């Protein structure tokens, strides 16, 4: 769980991704514990040809930062499953988000944009061009549905890492104050280590199913 000291102290964190691929400098706000606006340069390479289409609902000034794949730390040994938008949903609002064997399908490619006011990030699914979204109908309690939804720019679609977007394991939190303490991105363990396990919000308790790693799209997860 995020400690009080982490929320209250100001520290600069420098992230170095793969050479000539990405560089990020992030600052954690001493006031709110949120991630402050950062400098981010990216020339990430995609394994398949695709065109990034900016979702209409994002704030006009939100910069595009790059393409990533996000893997989960669940299991011993690590199971190699990634954040995935279920194909059978067809990309409608409410489309299921799950974990699935990591692969090169665009349902596992997430385009990152930053809200420069809050410093948090939007994760836009490349296949369906919709945002990772915490369901407002259940937000604030364990088990809140995480889904795809048309981008609105609202805080329930903003996410921030515990430290910095990086190629190492860490928690990812909802920016929405409505989430309260049930704000950690969580792979549901109830069904076992299987493809299709849903992704939800849950209070941060230190489990591996809440630990994620961001990889430049096209690099091994």
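In our numbering, the protein residues as written are -16 to 204. Here a beta-carbon is modelled for each residue, glycine too, at the ideal position from N, C-alpha and C. Quick caveat: nothing in here was measured; it's all calculated off a predicted structure.
Could you tell me which of the options sits nearest to residue i, measuring between CA atoms?
i           : options               : result
residue 54  : 172, 91 and 163       : 91
residue 47  : 182, 97, 69 and 88    : 97
residue 57  : 186, 198, 180 and 200 : 180
residue 122 : 103, 105, 101 and 163 : 163
residue 153 : 177, 169 and 140      : 169
residue 165 : 82, 102, 94 and 119   : 119
residue 38  : 133, 74 and 151       : 133
residue 70  : 184, 111 and 128      : 111
residue 143 : 199, 128 and 195      : 195
residue 40  : 77, 51 and 113        : 113
residue 82  : 178, 73 and 45        : 178
residue 107 : 151, 176, 167 and 45  : 45
residue 84  : 73, 94 and 176        : 176
residue 193 : 184, 127 and 158      : 184
residue 80  : 102, 173 and 128      : 128
Given this structure, state the Cα-to-Cα distance separating residue i from residue j, to the nearest angstrom.
i           : j           : result
residue 109 : residue 188 : 30 Å
residue 65  : residue 191 : 13 Å
residue 29  : residue 156 : Because the pLDDT of residue 29 is 39, which lies under 50, any placement of that residue in the model is unreliable, and the number read from its coordinates should be weighed accordingly. Near 26 Å, if we compare the C-alpha coordinates of residue 156 and residue 29.
residue 19  : residue 137 : Note that residue 19 scores 29 on pLDDT, short of 50, meaning its location in the model is unreliable and no value can be drawn from it.
residue 141 : residue 160 : 11 Å
residue 186 : residue 67  : 21 Å
residue 63  : residue 135 : 31 Å
residue 171 : residue 182 : 6 Å
residue 94  : residue 105 : 8 Å
Residue i: buried (16+ other C-beta within 10 angstroms of its C-beta) or exposed?
i           : result
residue 131 : buried
residue 31  : With a pLDDT of only 45 at residue 31, under the threshold of 50, the placement of this residue in the model should not be trusted, and no figure is reported.
residue 145 : buried
residue 100 : exposed
residue 139 : buried
residue 49  : buried
residue 87  : exposed
residue 36  : exposed
residue 78  : buried
Could you tell me which uninterrupted alpha helix (DSSP H) segments, each at least 4 residues in length, are contained entirely in the region 154 to 178, listed from first to last along the chain? none
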